Structures are given as structure tokens and as C-alpha cells.
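Colleague: Here the working numbering is used: position 20 in the sequence shown is 20, and no number is missing along the way.
Supplied in C-alpha cells, the structure appears directly below.
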Amino acid sequence: MELDEWLEKNTKNVRDLLHHELSTLALAQALATSPKPDVLLHKIESMLYKRVVSIIEAIFDTLLAEIDLETALAYDTASIRTSIQLFVHTQVKDTCTDIKEKIAWWNKEH
């Protein structure tokens, strides 16, 4: 596959990455100019975690309701929920670390 073809096939991924970077830069700029950026970022982190876990667990519950009972009973739902929570926790921490780095960059540049 040629590079141009590969890039074209991944346009959505590239746009998602651009959207993510623009969003985190905008948030970092807003936080950098606020009086207590660490407090605000901690509140954002907590809310992000709760909302994303809730959304993913709702998706899991919907999927679980759509499969047959025998298959559903084979799942260890507590373990799956713990895995979801740990995964989201890591993603939120990584995102917030990225924002903190962008806040530091913003403060250094301005």
C-alpha cells in the first residue's frame, strides 16, 4: 500500500488526533490563565473518569443484554467492570498528563 493510500484510509484517525491536540491545547491555555489550574484540572479529571466509566459500562450493559443468557453467565461482570475502570483511569491520567505538559509549554511560551 502506498503512503498516500494509507494516509487517505486513516483520515478519520488523523482528524481525531488533530481534534484531540487542538482540544487539549485550548484547555491547557484556559487552565494556564486561570488562578488555580491544578485544582481545576483535578476536578476535570474526576468528572472525566466518572463520565467515561459510566458511558463504557452502559455500552457493556447494552451488549450484555443483547447476548444469550448462557453466554452472559460465562462473563465475570465484576472483573470486566474493574478492567473498564482501570483502563479508563489510565487513559484519563495520560490525558491529564498531556494537558499538564501543554500548560507548562503555554506558560513557558507566554
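Just so you know, even glycine gets a beta-carbon here, dropped at the ideal spot from N, CA and C.
None of these values were measured; they are calculated from a predicted model.
Got a sec, what are the start and stop residues for the alpha helix (DSSP H) Thr77 sits in?
Modeller: Position 77 of the sequence shown holds residue 77. Counting along the chain, the alpha helix (DSSP H) containing Thr77 begins and ends at 77 to 109.
Colleague: Could you tell me the boundaries of the alpha helix (DSSP H) in which Met47 lies?
Modeller: Numbered from its first residue, the sequence shown carries residue 47 at position 47. DSSP places Met47 inside the alpha helix (DSSP H), whose first and last residues are 37 to 66.
Colleague: Taking only the alpha-carbon atoms, compute the straight-line gap between Val121 and Glu5 and give it to the nearest angstrom.
Modeller: Given that the chain is displayed from residue 1 to residue 110, the structure contains no residue 121 and the question cannot be resolved.
Colleague: Return yes when the Cβ of Leu7 is within less than 9 Å of the Cβ of Val14, no when it is not.
Modeller: Here the question's residue 14 lines up with position 14 in the sequence shown. Here the question's residue 7 lines up with position 7 in the sequence shown. In contact: Val14 and Leu7 (Cβ atoms closer than 9 Å).
Colleague: Looking at C-beta atoms only, is the number of pairs between the region 17 to 37 and the region 82 to 102 that lie closer than 8 Å three or more?
Modeller: yes
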